[in-house]
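The sequence shown stops at residue 631 when you use the UniProt record's numbering, and every number in between is there. Where is the CB? At the ideal position from N, CA and C, for every residue including glycine. Owing to the predicted nature of the structure, the values given are computational and were not obtained by experimental measurement. The structure appears right after this line, and notes come after that.
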Amino acid sequence: MTSFDAVFQSSVDNPEEFWAEAAKGITWYKWCDKVLDSSNPPFYRWFRGGKMNTCYNAVDRHVENGKGDHVAIIYDSPVTNTIKKITYKELQQQVASFAGALVELGVGKGDTVIVYMPMIAEAAVAMLACARIGAIHSVVFGGFAAHELAIRIDHAQPKAIIAASGAIEGKKTLAYKPLLDSAIEQSTHKVDKVIMFQRDIIKAEMLPGRDYDWMEIAAKAKPADCVVLDATDPLYILYTSGTTGMPKGVLRDNGGHAVALNWTMKALYDINPGEVWWAASDVGWVVGHSYIVYAPLIQGSTTILYEGKPIGTPDAGAFWRVISEHKVKCLFTAPTAFRAIKKEDPNGLLYKKYDMSSFECLYLAGERTDPDTLHWAEDLLNVPVIDHWWQTETGWAIAGNCRGIELLPVKEGSPTKALPGWDVRILDSGGVEVPPGTEGNIVVKLPLPPGTLATLWRNEERFIKSYMANFPGYYETSDGGYIDEDGYIYVMGRMDDVINIAGHRLSTGAMEEIIAGHPDIAECAVFGTNDQMKGQLPVGLFVLKAGVDRKEEDIKKELVQMVRDKIGPIACFRDAAQVKRLPKTRSGKILRGTMRSIANAKEYNMPSTIDDPVILEEITETLKSIGYPKV
1 MTSFDAVFQS
11 SVDNPEEFWA
21 EAAKGITWYK
31 WCDKVLDSSN
41 PPFYRWFRGG
51 KMNTCYNAVD
61 RHVENGKGDH
71 VAIIYDSPVT
81 NTIKKITYKE
91 LQQQVASFAG
101 ALVELGVGKG
111 DTVIVYMPMI
121 AEAAVAMLAC
131 ARIGAIHSVV
141 FGGFAAHELA
151 IRIDHAQPKA
161 IIAASGAIEG
171 KKTLAYKPLL
181 DSAIEQSTHK
191 VDKVIMFQRD
201 IIKAEMLPGR
211 DYDWMEIAAK
221 AKPADCVVLD
231 ATDPLYILYT
241 SGTTGMPKGV
251 LRDNGGHAVA
261 LNWTMKALYD
271 INPGEVWWAA
281 SDVGWVVGHS
291 YIVYAPLIQG
301 STTILYEGKP
311 IGTPDAGAFW
321 RVISEHKVKC
331 LFTAPTAFRA
341 IKKEDPNGLL
351 YKKYDMSSFE
361 CLYLAGERTD
371 PDTLHWAEDL
381 LNVPVIDHWW
391 QTETGWAIAG
401 NCRGIELLPV
411 KEGSPTKALP
421 GWDVRILDSG
431 GVEVPPGTEG
441 NIVVKLPLPP
451 GTLATLWRNE
461 ERFIKSYMAN
471 FPGYYETSDG
481 GYIDEDGYIY
491 VMGRMDDVIN
501 IAGHRLSTGA
511 MEEIIAGHPD
521 IAECAVFGTN
531 DQMKGQLPVG
541 LFVLKAGVDR
551 KEEDIKKELV
561 QMVRDKIGPI
571 ACFRDAAQVK
581 RLPKTRSGKI
591 LRGTMRSIAN
601 AKEYNMPSTI
611 DDPVILEEIT
621 ETLKSIGYPK
631 V
């Protein structure tokens, strides 16, 4: 067996021993009574009886171990022309002072706090301050619509809301305070304590008696110590969109989360304490929670908190500038970021301007990495490009290539193998395991490893219904795919992205891969539409690379032929159209489900996470021009 296979096998055969060993990487006030409590499935709990504190592990212990002068956070904001480095000692002082201010406002262990902030260092301080005193934070993506924020206020019922006055979105300044005030007005649960961090770029008007100035209260507060917590105490709630439109509050606990994330920094990403790591995401998403704030800080490495875009701040060389300037070892971002860079700078001319000698690896996640983007990044960067797959619910990767254990050969279209701790299976709709190479439902045999969702906030029934009911004994990922003879996992998209054409199940993800391989295409989306004769038919929308000047009809013919050649006439791929851009969430996921609804004349809710609502009008017009919805 290779070393990776040996590590994986031990994690599946002896999970308690495996994770007890990994747990030595964090600091415990008291070791647990039981590594894995299986007494109430599917509510498995890790490190029952253990006492610890996540903030202590992320901040204080490094100061106590003589690493106080080491840089914890590099805040790099091209939109405000600011670069600021915060040492572990400075971070400890800021977090303790702000935590003290929360305590003086009556926030304590078990209370919930909503954080509504952009990508600024204070967002990380707010999260850590909550963790320090045992309050449960729920970060809501900064600039989220008031209605969506109100839904989360009613669901989380926070004791206080921590917010910033605003952010820069593109070329505009976005004021957060009017959105927040409107959300509080709309919500049934009334919040009477709002802490406002006033930014230089925009000042918020304060409401006397309710609103408190961050700097003022933190300056006066007595610094708070870390509270001793149970490993099974909740750390945070993170809302993820549900199929009903009602968000699901994923609940993460303290102990298992700290153990798993700390373990992944070396095992998966090959980062050591003291090295510079960059997850180019947002604190409002799971990647921001796991790999901007908690994992790198728990490990004692340096994390970059970047307030900007991959292009336009100022150009498509923005990422290379950050990597070069701060000596970044590894970058973790979404494929959509690289497609944007590729579209603006297809020949990578801006890359050549920077010293990239520190850079060792690129990690991609958040959506499927199409082979064209994979190869473009490999050719340009000349470092491993590693696709890995995970979900908000899981908190860290289900499948990936563990560079810190053994780098396995890359297979395009696959995020490699299941990580240690993840017993991944493929089941048919009846719950029977299928042979290698056969597509089906991707599930994980219970118990899930540490750091995954413990339950859904205030809704255990929905937790079981959403994830555990269809395949008893397994966690249902709701993704479809297959595992090949070598154990490599292929994620072909959400199960509702599998379309049924005249009784044949075909993956729209497979069609997207083919289209994305066209030399003129920057990115694309394929989704199913209803058809009276065949049941469903695929429709493709595509965006051209910058500088391409060809007839849309010619490109469309080529795409139809490519799909026919690679999948066959069975795919019935005939309808495609060029668009200027595709509708996406702010984290970069393409809204295929929404486009499918438009093409099928189905009602849909405006996705709360959409980057730009106007784009749906453009998509509607484009679909009309090629005959959708069919009357």
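Beta-ladder partner(s) of residue i, from DSSP
i, result
"C330", "W277 and C361"
"M52", "L229"
"N530", "Q536"
"N441", "L427 and G480"
"V250", "L238 and L456"
"L305", "Y75"
"Y212", "I195"
"I610", "T585"
"K30", "K51"
Nearest residue (CA-CA) to residue i, options the options
i, options, result
"S290", "L381, R199, Q157 and V259", "V259"
"I202", "A175, T594 and V228", "A175"
"T622", "N530, Q578 and V631", "Q578"
"C32", "A571, T232 and Q561", "T232"
"residue 633", "Q299, G284, I114 and T87", "The structure shown does not extend to residue 633, since the chain is modelled only from 1 through 631, so no value can be given for it."
"residue 633", "W422, F573 and K222", "Limits of the chain in this structure are 1 at one end and 631 at the other, which puts residue 633 out of reach."
"R592", "V560, F8 and G528", "G528"
"A124", "G284, E185, K171 and D13", "G284"
"K584", "P607, D565 and K566", "P607"
"G134", "L149, A121 and C55", "C55"
"residue 633", "Q157, A399 and D355", "Coverage of the chain is limited to positions 1 through 631, which leaves residue 633 absent and any answer about it impossible."
"M196", "Q186, D211 and I184", "D211"
"I184", "D111, R581, Q157 and L235", "Q157"
"L506", "V12, G480 and V107", "G480"
"A502", "K551, I136, A571 and K352", "A571"
"E439", "S478, K329, K342 and P538", "S478"
"I615", "T594, I626 and S625", "T594"
"E476", "A454, E461 and I442", "I442"
Length of the line joining the Cα atoms of residue i and residue j
i, j, result
"W396", "Y44", "17 Å"
"D345", "S324", "18 Å"
"V79", "K602", "39 Å"
"M468", "S39", "16 Å"
"T240", "G249", "7 Å"
"M206", "A58", "32 Å"
"L448", "L407", "24 Å"
"T369", "A599", "25 Å"
"L427", "S3", "28 Å"
"W376", "H326", "24 Å"
"M1", "M495", "Because the pLDDT at M1 is just 49, under 50, the model does not fix this residue reliably, and the value given afterwards should be weighed accordingly. Distance between the alpha carbons of M1 and M495 is about 33 Å."
"N470", "P296", "36 Å"
"Y490", "M562", "21 Å"
"E617", "N605", "14 Å"
"residue 634", "I217", "This structure cannot speak to residue 634, because the chain is shown only from 1 to 631."
"residue 641", "D37", "Because residue 641 is not part of the residues shown, which for the chain are 1 to 631, the question remains open."
"K630", "N530", "8 Å"
"W389", "K220", "45 Å"
"S429", "V95", "49 Å"
"K172", "M533", "48 Å"
"M117", "C130", "14 Å"
"K445", "K51", "28 Å"
Range of the contiguous beta strand (DSSP E) that encloses residue i
i, result
"T87", "T82 to T87"
"R48", "R45 to R48"
"V543", "G535 to L544"
"A72", "V71 to S77"
"Q578", "D575 to Q578"
"P234", "P234 to T240"
"K34", "K34 to D37"
Alpha helix (DSSP H) segment containing residue i, residue limits
i, result
"I298", "A295 to Q299"
"K557", "E552 to K566"
"I153", "A146 to A156"
"N262", "G255 to A267"
"L623", "V614 to S625"
"T336", "P335 to E344"
"D13", "S3 to D13"
"A599", "R592 to A599"
Handout entry: Uninterrupted alpha helix (DSSP H) stretches inside the stretch 106-142 (no shorter than 4 residues)
Key = Runs found: 121-133.
Practice task
Any chance you could list the beta strand (DSSP E) runs of at least 3 consecutive residues sitting entirely within the stretch 461-526, in chain order?
Solution key: Whole beta strand (DSSP E) segments, 3+ residues: 474-483, 489-494, 498-501 and 504-507.
Practice task
Within the stretch 352-434, note down every full alpha helix (DSSP H) run reaching 4 residues or more, in order along the chain.
Solution key: Contiguous alpha helix (DSSP H) elements confined to the stretch 352-434 occur at 371-381, taking only those with 4 or more residues.
Problem - Sequence ranges, alpha helix (DSSP H) only - wholly within the stretch 160-204, length at least 4 - result: Within the stretch 160-204, the runs of alpha helix (DSSP H) at least 4 residues long that lie entirely inside it are, in chain order, 177-186.
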